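Chemist: One structure follows; several queries about it will come next.
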Amino acid sequence: MLTMIHQCSPAFHLLDDALLDLTSPPATIHRDPRPHLAETEESFQTHIVAPGVKSADLKVTVCHATGELKVQGTSKNLARGHRQRHINYAVTLPRHANLDETMVEHEDGIITITVPKKQAAEPTQLTPMTHVPQEDPADPSYNLLLSLPGLAASDLNISVHDDGKVEVSGETKRTGARVKRSYRVPRDADLPSAHACHVDGLLTISMCKRKRDDAQLCANVRHKMTAEAELPVEPGESQESTSAASAAPMEQAAP
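One point on numbering: in the working numbering, the residue at position 101 of the sequence shown is 105, and numbering is uninterrupted.
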């Protein structure tokens, strides 16, 4: 005897789903291209594939203390048959990237992030003090210590570049002593706070350590962001996570 299945019964819907799965073509499995940070004469730029992710579900942040750019997001309310996507991309931008001018665009499932380069600036010249300044030991800082016997404070030239390079040079005919060295400071060193003192043949170059504020600050990308800020995404997956933080102690730069 042929048993009839009523259209309103659960069994009918299970049969309908099974027939739909048999007649539907198999899903194409592919890998999204890994984001790549490209560099031009004027800016840095990266493209992130994010189909199904809405602009409202994206969070793009930059951190001035570390130079880290993060993109996070998840696809929601997808149509049947589409898998959920999770975006978690991070990259550390070069020191001369102008994070304050970061631009984010999102159109047709592609996130485009453009970060202009900073204009080249003249290095800051430090005049070493001849006494040891009083500083609060509780304040985190970086200190570069050099033993320079035979050189006076007036014999030294100290320059701090905006790319984190510190150069020390000088010589004197009085004792025949000379020095010419360069060092690279950590990314979170506060370059504008750099100062130096030279007492009894010992040179100390100090600078504060920038504090990272994990609070998300909603701000227009054209406004100055002092710590870590969340960037609005202009409407229009990468599951890779890349991070190359530069937070090592002061190291001598290669000649």
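Even for Gly, the Cβ is constructed at its ideal location relative to N, Cα and C. Bear in mind that the values here come from a model prediction, so they are computed numbers and not experimental data.
Where DSSP assigns a beta bridge to THR116, which residues make up the other side?
Modeler: According to DSSP, which records beta bridges pairwise, THR116 is partnered with HIS51 and GLU109.
Chemist: Given a threshold of 16 other Cβ atoms within 10 Å of its Cβ, counted over all protein chains shown, does PRO39 qualify as buried or as exposed?
Modeler: Per the 10 Å Cβ criterion, buried.
Chemist: Roughly how many angstroms lie between the CA atoms of THR116 and LEU195, to the nearest whole one?
Modeler: So the two alpha carbons sit approximately 30 Å from each other.
Chemist: Below 8 Å on the Cβ atoms is my guess for LEU150 versus ALA198; work out the distance and round it to an integer in Å.
Modeler: In fact, because the Cβ distance is near 14 Å, the residues do not count as touching under 8 Å.
Chemist: Can you tell me whether DSSP reads LEU41 as helix, strand or coil?
Modeler: In the structure shown, LEU41 sits in coil (DSSP, three-state: anything other than H, G, I, E or B).
Chemist: When the Cα atoms are used, what is the spatial distance from LYS80 to VAL95?
Modeler: When rounded, the distance between both Cα atoms is 25 Å.
Chemist: Would you mind working out which of ARG188, ASP104, LYS58 and GLU139 sits nearest GLN88, comparing C-alpha positions?
Modeler: The candidate whose alpha carbon is nearest that of GLN88 is LYS58.
Chemist: Hey, is THR131 close to the ligand MN, as in C-beta under 7 Å from one of its heavy atoms?
Modeler: No copy of the ligand MN occurs in the structure displayed, which carries no ligand at all.
Chemist: Alpha carbon to alpha carbon, how far is ILE209 from PRO141? Give it in angstroms, no decimals.
Modeler: C-alpha separation (whole angstroms): 15 Å.
Chemist: So for SER173, helix, strand or coil by DSSP?
Modeler: SER173 falls in the strand class under three-state DSSP.
Chemist: How big is the Cα-Cα spacing for LEU24 and GLY56?
Modeler: Below a pLDDT of 50, predicted positions are generally treated as unreliable, and LEU24, at 47, falls in that range; no measurement from the model is reported.
Chemist: Relative to the alpha-carbon of HIS90, which residue among ASN102, GLY174, ARG99 and GLN76 has its alpha-carbon at the smallest distance?
Modeler: Nearest C-alpha to HIS90: GLN76.
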